[in-house]
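In order, the protein sequence lines correspond to chains B and X.
Each residue of the first sequence is one higher than the one before, starting from 1 at the first, in the numbering used here.
Each residue of the second sequence is one higher than the one before, starting from 1001 at the first, in the numbering used here.
For glycine and all other residues, C-beta sits at the position ideal for the given N, C-alpha and C.
Only one structure is covered here, and it is reproduced in the block below.
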Amino acid sequence: MKLIPTSSQTVGPFFSIGLARLYQNAAEASDKALILTGKVFDGDRQPIPDAVLEFWSGVSFARVSTSEDGSYSAVLELPLANGADVLIFMRGLLKPVHTRVYCGDFDAVKNNPELKTVPGERIGTLLARKATAPNRYAWDVFMQGDSETVFFHF
Amino acid sequence: MPNYADDQNALENSQPRYLYPDYVSTRKRAPSKPLIALASSLADLRGPVFGHDSIKPEDGDLTKQHSGDPLGERIVVTGKVLDHDGRPVSGTLIEIWQANAAGRYRHKNDNHPAPLDPNFTGCGRGLTDSEGRYSFVSVKPGAYPWKNHENAWRPAHIHFSLFGAGILSRLVTQMYFPGDPLLAFDPIYNSVSDAGARQRLISTFDWPATKPEHALGYRFDIVLRGPKSTPMEINHP
Chain B
1 MKLIPTSSQT
11 VGPFFSIGLA
21 RLYQNAAEAS
31 DKALILTGKV
41 FDGDRQPIPD
51 AVLEFWSGVS
61 FARVSTSEDG
71 SYSAVLELPL
81 ANGADVLIFM
91 RGLLKPVHTR
101 VYCGDFDAVK
111 NNPELKTVPG
121 ERIGTLLARK
131 ATAPNRYAWD
141 VFMQGDSETV
151 FFHF
Chain X
1001 MPNYADDQNA
1011 LENSQPRYLY
1021 PDYVSTRKRA
1031 PSKPLIALAS
1041 SLADLRGPVF
1051 GHDSIKPEDG
1061 DLTKQHSGDP
1071 LGERIVVTGK
1081 VLDHDGRPVS
1091 GTLIEIWQAN
1101 AAGRYRHKND
1111 NHPAPLDPNF
1121 TGCGRGLTDS
1131 EGRYSFVSVK
1141 PGAYPWKNHE
1151 NAWRPAHIHF
1161 SLFGAGILSR
1171 LVTQMYFPGD
1181 PLLAFDPIYN
1191 SVSDAGARQR
1201 LISTFDWPAT
1211 KPEHALGYRF
1221 DIVLRGPKST
1231 PMEINHP
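Below, the structure written as structure tokens:
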């Protein structure tokens, strides 16, 4: 006999009071670390200044929040060609969205068997762009619209 | 712990959907395209572990974080964290945050003209014990207006964030208080369509947990989704 899990509710706009102690500081990144930066946008393409992103890779965990301009910066401890799971919470999300981010070559990501259910034209939304600085990648998240990021059943 | 998951309808309606137009912020933030089934399982994706050494005793007592006592009705909030098989979830991190007794958050974006309390931050955290139990001491948060609609007020609530064993058990929720007349008008609370699931978001007044001459007791039990697995060991601040 199983119990029904407790219902999810939004983190609201003031989550930093309770969650800030697990935020990471990108300045602490080691040479091996990969730094992922980007912005989160709403359905009007306005930046979302009150989102919190969690990166779960199985061996590391990172939690960051967006700034006034919708930007975030996260330190990820592994090469992420295999991808990391991402949970995003914000005011206006009654439960988190689940997506994945890959820092690798497009063809490799496209052929990843775990993404076989993703329409080809949307796979690019899961791929971070390599930036010019070493070990830096950029990945934006679009909550809605033509370029909406792929979100998975969670 | 009532309400078992053999009622498929109750189970499906126990979680809100992304788009709930009465909660206006969902309109531009809820995913608009269909969700996709990931072709791999998340069951083994484990979560971070937090040691007892990183939790200080005052982290669980929100009334002892400043030089003076905060204003408000002192409360003790206790409960058990269980997995969906009814087994206790031990050693898991619980983070809470809340408004002060006047309904004001200590946050730069909270413009509600109610007073801040110099003796109250509104942030707590703790770990569940071997039987899945937790306990916080705080003050009862006030209701506050939030502009979602005409004369919109959030019912008093405490935000809870829990990890559990893995990514599937991750939960952020809100605990409400019994008898609050604002619940009937709150779109966030009412985004949960199953009445039983909504009721379980409301703590119960807990006479045995009430401490004489000190604090009123409220009980809030939490059920986390997902299978049991061993959390990963990582170093994290």
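9 Å Cβ cutoff, residue 140/B in contact with chain X: No, because no Cβ of chain X sits closer than 9 Å to the Cβ of residue 140/B.
Nearest residue (CA-CA) to residue 1132/X, options 1207/X, 1092/X, 1160/X and 1116/X: Among 1207/X, 1092/X, 1160/X and 1116/X, the Cα nearest to that of residue 1132/X is on 1092/X.
Reduced DSSP secondary structure (H/G/I, E/B, other) of residue 48/B: When DSSP states are grouped into helix, strand and coil, residue 48/B belongs to the coil group.
Using a C-beta cutoff of 9 Å, does residue 1134/X count as contacting chain B? It does not; no Cβ of chain B falls within 9 Å.
With a threshold of 6 Å on Cβ separation, who are the neighbours of residue 1026/X within its own chain once the five nearest residues in sequence on each side are excluded? If we look at residue 1026/X and ignore the five residues flanking it on each side, its Cβ neighbours are 1019 and 1020.
When you compare the CB positions of residue 125/B and residue 150/B, do they come within less than 9 Å of one another, or not? Cβ distance < 9 Å, so residue 125/B and residue 150/B count as in contact.
With 16 other Cβ atoms within 10 Å as the buried cut-off, status of residue 30/B: Exposed, by the Cβ-count rule.
How is residue 136/B classed by DSSP in three states: helix, strand or coil? Strand at residue 136/B.
Are the C-beta atoms of residue 6/B and some chain X residue less than 9 Å apart? Yes, residue 6/B counts as interfacial toward chain X.
So, under 8 Å CB-CB, residue 1024/X and residue 1148/X are touching, yes? Tell me the CB distance rounded to an integer number of Å. That pair is a contact at about 5 Å.
Who are the neighbours of residue 34/B on chain X, taking C-beta pairs under 7 Å? Chain X residues near residue 34/B: none, gap ~16 Å exceeds 7 Å.
Any idea what DSSP makes of residue 1047/X, helix, strand or coil? It is coil, neither helix nor strand.
Considering only the alpha carbon of each residue, which of 1166/X, 1173/X, 1220/X and 1200/X lies closest to residue 59/B? Comparing alpha carbon positions, the residue from 1166/X, 1173/X, 1220/X and 1200/X closest to residue 59/B is 1166/X.
Is residue 21/B buried or exposed, if buried means 16 or more other CB atoms sit within 10 Å of its CB? Residue 21/B is classed as exposed because its beta carbon has fewer than 16 other beta carbons within 10 Å across all chains shown.
Quick test of your reading: residue 1075/X and residue 1162/X, contact by CB under 8 Å. State the CB separation rounded to the nearest angstrom. Not quite, the Cβ-Cβ distance comes to about 19 Å (not below 8 Å), so this is no contact.
Do residue 61/B and residue 54/B have their C-beta atoms within less than 9 Å of each other? Result yes, Cβ atoms of residue 61/B and residue 54/B sit closer than 9 Å.
Buried or exposed: where does residue 1069/X fall if 16 or more other Cβ atoms within 10 Å of its Cβ makes it buried? Burial call: exposed.
Have a look at residue 1036/X and residue 1184/X and give me their C-alpha separation to the nearest angstrom. Each residue's alpha carbon lies about 34 Å from the other.
Bridge partners of residue 1126/X, per DSSP? Listed as beta-bridge partners of residue 1126/X by DSSP are 1094/X.
Would you kindly check if the distance between the Cβ of residue 17/B and the Cβ of residue 1218/X is under 9 Å? Against a cut-off of 9 Å, the Cβ pair of residue 17/B and residue 1218/X comes out as no contact.
Check for me: the alpha helix (DSSP H) holding residue 16/B runs from which residue to which? For residue 16/B, the enclosing alpha helix (DSSP H) begins and ends at 16-19.
Answer yes or no: does any C-beta atom of chain B fall closer than 9 Å to that of residue 1011/X? Answer yes: the Cβ-Cβ gap between residue 1011/X and chain B drops below 9 Å somewhere.
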